[in-house]
Structures are given as structure tokens and as C-alpha cells.
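Protein chains: 2
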Amino acid sequence: MRSALSVVCHALDMSVVKDARARARAEVVVAIKATAAQHLAQTGAAGLSLRAVARDLGLVSSALYRYFPSRDALLTALIVDAYDAVGEVAERADAAALAAGADPGARWLEVCRAVRGWARASPHEYALVYGTPVPGYSAPHDTVEAAVRLSRVMAAVVTAAAADGSLRPPQRPLPGPTLVTDAVAAVAGGAPPPPYEDLLERSLVLLTALIGTTSYLQFGHLHLALVDDDAWFDRAMAVAAEGVGLVLPLD
Amino acid sequence: MRSALSVVCHALDMSVVKDARARARAEVVVAIKATAAQHLAQTGAAGLSLRAVARDLGLVSSALYRYFPSRDALLTALIVDAYDAVGEVAERADAAALAAGADPGARWLEVCRAVRGWARASPHEYALVYGTPVPGYSAPHDTVEAAVRLSRVMAAVVTAAAADGSLRPPQRPLPGPTLVTDAVAAVAGGAPPPPYEDLLERSLVLLTALIGTTSYLQFGHLHLALVDDDAWFDRAMAVAAEGVGLVLPLD
DNA sequence: GCACGTCAAGAGCACCGCTCTCGTCATGCG
DNA sequence: CGCATGACGAGAGCGGTGCTCTTGACGTGC
Numbered sequence: 007m008r009s010a011l012s013v014v015c016h017a018l019d020m021s022v023v024k025d026a027r028a029r030a031r032a033e034v035v036v037a038i039k040a041t042a043a044q045h046l047a048q049t050g051a052a053g054l055s056l057r058a059v060a061r062d063l064g065l066v067s068s069a070l071y072r073y074f075p076s077r078d079a080l081l082t083a084l085i086v087d088a089y090d091a092v093g094e095v096a097e098r099a100d101a102a103a104l105a106a107g108a109d110p111g112a113r114w115l116e117v118c119r120a121v122r123g124w125a126r127a128s129p130h131e132y133a134l135v136y137g138t139p140v141p142g143y144s145a146p147h148d149t150v151e152a153a154v155r156l157s158r159v160m161a162a163v164v165t166a167a168a169a170d171g172s173l174r175p176p177q178r179p180l181p182g183p184t185l186v187t188d189a190v191a192a193v194a195g196g197a198p199p200p201p202y203e204d205l206l207e208r209s210l211v212l213l214t215a216l217i218g219t220t221s222y223l224q225f226g227h228l229h230l231a232l233v234d235d236d237a238w239f240d241r242a243m244a245v246a247a248e249g250v251g252l253v254l255p256l257d
Numbered sequence: 007m008r009s010a011l012s013v014v015c016h017a018l019d020m021s022v023v024k025d026a027r028a029r030a031r032a033e034v035v036v037a038i039k040a041t042a043a044q045h046l047a048q049t050g051a052a053g054l055s056l057r058a059v060a061r062d063l064g065l066v067s068s069a070l071y072r073y074f075p076s077r078d079a080l081l082t083a084l085i086v087d088a089y090d091a092v093g094e095v096a097e098r099a100d101a102a103a104l105a106a107g108a109d110p111g112a113r114w115l116e117v118c119r120a121v122r123g124w125a126r127a128s129p130h131e132y133a134l135v136y137g138t139p140v141p142g143y144s145a146p147h148d149t150v151e152a153a154v155r156l157s158r159v160m161a162a163v164v165t166a167a168a169a170d171g172s173l174r175p176p177q178r179p180l181p182g183p184t185l186v187t188d189a190v191a192a193v194a195g196g197a198p199p200p201p202y203e204d205l206l207e208r209s210l211v212l213l214t215a216l217i218g219t220t221s222y223l224q225f226g227h228l229h230l231a232l233v234d235d236d237a238w239f240d241r242a243m244a245v246a247a248e249g250v251g252l253v254l255p256l257d
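Each protein sequence line maps, in turn, to chains A and B. Quick note on the numbering used here: the first sequence kicks off at 7 and runs consecutively. Quick note on the numbering used here: the second sequence kicks off at 7 and runs consecutively.
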């Protein structure tokens, strides 16, 4: 009877109920990731030590290899979580702005501020996601879904601006054929109509400006150059948004 | 007599002729930096091992500590050199474009391409300079002079555009007081005159766009998004340049 | 009730950054 | 000119790392 139930679980609910063994294993995995995330937040990716994580868990280092085949695998798992975190932050910021009746420009400014706020609150996680790639980093395949969440938010904002007529057409359209892949068009919901033929290329510039500016500030390259980082960041985002025709509210 | 000569050397030419000891020491220092740079280019900053460098030099690891007090100090020396390298690349590209009679827009495009070309040729050095900061990184004081070289090139291009009238004034000037420090104004050669009051803020956006876009491409975040990285990079720089009123040549 | 698979523990390997000590050699001073 | 000082390289060693392998205990499924 128990075995029959077990079979039923396997057939219907495998991913939810699972084996008792598998569930215990999953719990250990999340415990490892949790303490590893704590260490990451404190010491950074370079200082994350598998042995130290094991010590905190009351385990011996070799026991961790039952759950993660290598330190890089653990780090990759943390990267995926961090990607997801920034994606969720962006989505929530946009949803909140949308609920407050903000126009597309105001929505995007809130998204930018939220991403930068997350970067400042979690500098090491941010560096893991958008800084120098770690040498043994497995594959973008795990992260591509999580990474696309931010792009989707931007696509929604730009599409809304195009729909309500507030998106200004480019003064000087970019020459040549489209330069983005079909995957980008799929995320954006198809090729943009005239007069926005170069909108996808310009949208990637907008996304790059958000991450690039956040990184440049986060990594201290403008430390001696600015008297008010926050105000300049808002204006930098406004200048970048002009490139796609989006008008951000300032003051 | 020898001692008298030595005194003369000390008084007049100390930094050029030096002691025999000091010169030998300087040679060893450059040898260490050279092989360390090789290792850096191959394995990246994380994989740079003091012991491996010492082995390549036929030394024992402890001997290196006579020249660099720690691994981070050696890494910092490499960072300074890398900053200088990218600054020189930018300066040479601008000088070549200027000699070829290029207008400011064309000059800046060449500078952008040159910086990105250096990043692709020296990815680990680029990551060291513009990627995640290394934890034990000493001080920006050593690098600030080298880092300002690129800014100076940009300032020269933008100033030339303002001087020859090709710089378009902003359609929507940035509100509020100036956000940059006096150091930035000093590099730019003073506060910009009307109608370019926000030029320094916008110029920092331009610089950030160059580095941010190069990093975003270099770190693979647009790997699945673009069919022609080079063409998109040119257009991204053109879109960013629109933000300061600089017109880049495309096609 | 027994065998199997899973798990944690421990020892061990190679490598790392870094410190300390100890000969050696050239240098500069009296 | 002779000697003491100081710089230098070699080597051993410490604590740490990632990772592998073996061993023994435990709970589960047949």
C-alpha cells in the first residue's frame, strides 16, 4: 500500500510531494545555499569558501560535495538566485508604479532606481551577476530565463509608451538591417512597427545604459566626479531614455 | 672619488642614473610585472598565483615579497599599467583620427572602437580595470591619473565639437544645479558656456555609455541578443552620443 | 531480515598566500 | 683596505583552500 502511494506520488505530484529522501535533500540544498548566500554577502565571491560554509552548517567539507559537485557549481546556483532577485525587484517596482498610475517614463525611472537600490543593498550579488564573469561559470542556459525578466519589464514599458503615443520617434533612424536576434523580437512581442523600426536596437542600448551606469557607479569609477550620485543617476537614465524616445520625469 | 661621484649622482640624477642596486631592483620589478602580466592575460586575475610567477622567474615564492608586499600589491601594479594602456590606446586613436582630418563625431567613434578593441584583445586586463573591483585593491590614488586620460580624450573631442559648432544643444536641458565636482570641471577646462550648461553631466553619461556598453558586451550579457556585435556597438555609441549632441558617422 | 544505496566523516593531496630564519654576497663607511 | 651593515635568495613551515578517496553507520525498500 505504501509503495502504491509512493508510485502515485511519483506519477502525479513528484515535484511537490517528492520522496522523503528527496525532500530532505532539497532542504539541505536550500540550507547550503542560504548560508553560502550569507557568506557571499559578507565576503564577496572571491572569499566564498566551501569549507567555511560547511563549518557554519556543522558539516565537514567533503559532505558538501554530495550536493554540489564543485565550488563553481555552488556559485552558479547563487548567480541564478541573484538574477532572479534583480528580476523580481524590477518587476515589483514596475508593478507598483503602474498601480500608482505612472506613465511609461515614470515607470522606467522607478525600475532603474529599484535596480540600483538592489545593487547598493547587495553589492556582492550584483557584482556576481553583472561584474566580471567567474572563470568556471557554467552556462548562460541556467540564467537566461532569469536574466530575461528585466528585459521583459523594459519591453513592457517601451511597448506601453509606443501604444499611448508618448514614445518619440527617432530623429535619425539607425541605418542598416536589424541587428537583434529573433529571441529579442520574441521577448519584445514581435518586430516594432514604423516609425519605430530601430526600437529593439535602441531598447538594448537603454538596458545597457541601466546596467552600465549602475556598474560604473557601483564599482567606484565616478567616486571623485560626482557630488550627488542619486541625482546624476536619475539624469543619466533620463539622457539614456531620450535615446529610445522615452521621456523621464525629472524634479 | 667614487663616493663623491655617488653623492653627485644622488643629488642630480638620482631618478635617472640611480644606484646600481636600485637599478637592478627596478629591473627585477619590471621582470616580475612582465611575467605576472603574462599569467594575468592567460588565467585572469583570480588565477594569478604569486608562486607560479616566482617559478617562471626561477625564484622561490618568498623572494617576491622583497619586491611586492602582497599579491594584492602586485595586482594593483598591474591595474595601474592596464589603466595606462587603455588611456594610451584612446589617445592614439584620437590622435590618428585627428591627423586624418576627422570631425569630432568620427574621432569619438574611433576612440570607442579602439577601447573596445583593446578590451577584446586584453579581456582579463579590461576586467581588472572596469570589472568587479578586487577586494584588497589599495587606493584609487595610484590610478586616478591614469584613469583620467580617457576622460581627457573625451573632453577634447566634446570641446572641439562645441568650438566648431557641430555640437547640438540639448533639447531638454537637465534641471537643477551642477552635479559634478570641481575636479571634473578642471579636466574639462572649466564650466561649459551656454547653451551647454549641462555638458559635463552629459559627458559623464557618454563616458559611462562607452565603458558600460563595452563591459556589457565583453561579459557576454548580449551574447544571444545580437547578430552583429560590432555594428550594434557603433550604433549604441551613436545613440549615446546623441545624448551630448555629438553626431557620429554611421555607414 | 537482509542487502542496498545514501550519507557524513576523516585522512590526504596539491596548491595557495604569507612569515620566519638563515647563509651569502656586495656595498659603503671608517 | 678591512670590516660591518644591509639587501637578497633559499628553504621550512603555518594555516588555509578545493577536491578525492575510503570507511563506517544509518535508514529505506525488497
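Glycine included, each C-beta is placed from N, C-alpha and C at the ideal position.
*Length of the line joining the Cα atoms of A:A194 and B:A105*: So the alpha carbons of these two residues sit roughly 43 angstroms apart.
*Taking C-alpha atoms, which residue in B:A51, B:A58 and B:A246 lies nearest to A:V138?*
The sequence given here places Thr at residue 138 of chain A; Val does not occur at that position. B:A51 is the residue among B:A51, B:A58 and B:A246 whose C-alpha sits nearest the C-alpha of A:T138.
*From which residue to which residue does the alpha helix (DSSP H) around B:V86 run?*
Residue range R77 to A105 is occupied by the alpha helix (DSSP H) that includes B:V86.
_Buried or exposed by the 16-neighbour rule on C-beta atoms within 10 Å, applied to B:G111_ = Counting Cβ neighbours within 10 Å, B:G111 comes out buried, since at least 16 surround it.
*Using a C-beta cutoff of 8 angstroms, does A:P179 count as contacting chain B?*
No, A:P179 lies away from the interface with chain B (no Cβ there is under 8 angstroms from its Cβ).
*Note the first and the last residue of the continuous alpha helix (DSSP H) segment covering A:G111.*
Per DSSP, the continuous alpha helix (DSSP H) segment holding A:G111 begins and ends at P110 to A127.
*Scan the region 134 to 207 of chain B and note each continuous alpha helix (DSSP H) run of 4 residues or more that stays entirely inside, going in chain order.*
Segments of the alpha helix (DSSP H) lying fully in the region 134 to 207 of chain B: 150 to 170 and 188 to 194.
_Strictly below 7 angstroms CB to CB, what residues from chain A border B:R98?_
Within chain A, no residue comes near B:R98; the closest Cβ sits about 22 angstroms away, beyond 7 angstroms.
_Using a Cβ-Cβ cutoff of less than 8 angstroms, which residues in the same chain neighbour A:A91 once the five nearest sequence positions on both sides are dropped?_
So the qualifying residues of the chain are W124, S128 and E131.
*Could you name the residues of chain B that A:A215 contacts, counting a contact when the two beta carbons are closer than 7 angstroms?*
By Cβ distance, chain B contributes A215 and G218.
*CB-CB under 7 angstroms to B:P179, same chain, minus the five flanking residues each way: which ones, in chain order?*
Within the same chain, E203 and D204 come within 7 angstroms of B:P179 by CB-CB distance, once the 5 residues on both sides are set aside.
*Put B:L63 into one of helix, strand or coil per three-state DSSP.*
B:L63: coil per DSSP, three-state reduction.
*Closest to A:R122 by CA distance: which of A:D25, A:L213, A:E248 and A:V233 is it?*
In this structure, A:L213 is the residue among A:D25, A:L213, A:E248 and A:V233 with its C-alpha nearest to the C-alpha of A:R122.
_Residues of the region 228 to 241 of chain A in Cβ contact with chain B at a cutoff of 7 angstroms, in chain order, please._
Residues of the region 228 to 241 of chain A with a C-beta less than 7 angstroms from any C-beta of chain B: L228, H229, L230, A231, L232, V233, D234, A237, W238 and R241, listed in chain order.
_Top-ranked residue by Cα proximity to A:V154, from A:G93, A:R113, A:D170 and A:Y143_ = Closest option to A:V154, Cα to Cα, is A:G93.
*Are there 16 or more other CB atoms within 10 angstroms of the CB of B:A28, so buried, or fewer, so exposed?*
By the neighbour-count criterion, in which 16 or more other beta carbons inside 10 Å mark a residue as buried, B:A28 falls on the exposed side.
*At least one CB of chain A closer than 8 angstroms to the CB of B:V164: is that the case?*
Nearest CB-CB separation between B:V164 and chain A: not below the 8 angstroms threshold.
*Answer with yes or no whether the minimum CB distance from B:D78 to chain A is below 8 angstroms.*
Chain A, which has no Cβ nearer than 8 angstroms to the Cβ of B:D78, makes this no.
*When you compare only the Cα positions, how much space is there between B:V250 and B:A197?*
Taking the straight line joining both Cα atoms gives about 15 angstroms.
*Provide the residue(s) that pair with A:L232 in DSSP beta bridges, ordered along the chain.*
Beta-bridge pairing links A:L232 to B:V186.
*Which of helix, strand or coil DSSP assigns to B:Y222*: Helix at B:Y222.
*Any Cβ of chain B within less than 8 angstroms of the Cβ of A:P201?*
A:P201 does not count as touching chain B.
*Establish whether the CB of A:Y71 and some CB of chain B are separated by less than 8 angstroms.*
The C-beta of A:Y71 comes no closer than 8 angstroms to any C-beta of chain B.
*asked:* Does A:Y89 pass the burial test, meaning 16 or more other C-beta atoms within 10 Å, or should it be called exposed?
replied: Answer is buried; the Cβ neighbour count reaches 16.
_Using only the alpha-carbon positions, how far apart do B:D100 and B:Y222 sit?_
A direct Cα-to-Cα measurement between B:D100 and B:Y222 gives close to 23 angstroms.
*Note down, in chain order, every chain A residue with its Cβ under 8 angstroms from the Cβ of B:L210.*
What B:L210 touches in chain A: L228, A231, L232, W238 and A242.
*asked:* Taking its Cβ as the centre, do 16 or more other Cβ atoms sit within 10 Å of B:V117, making it buried, or is it exposed?
replied: So B:V117 ends up on the buried side.
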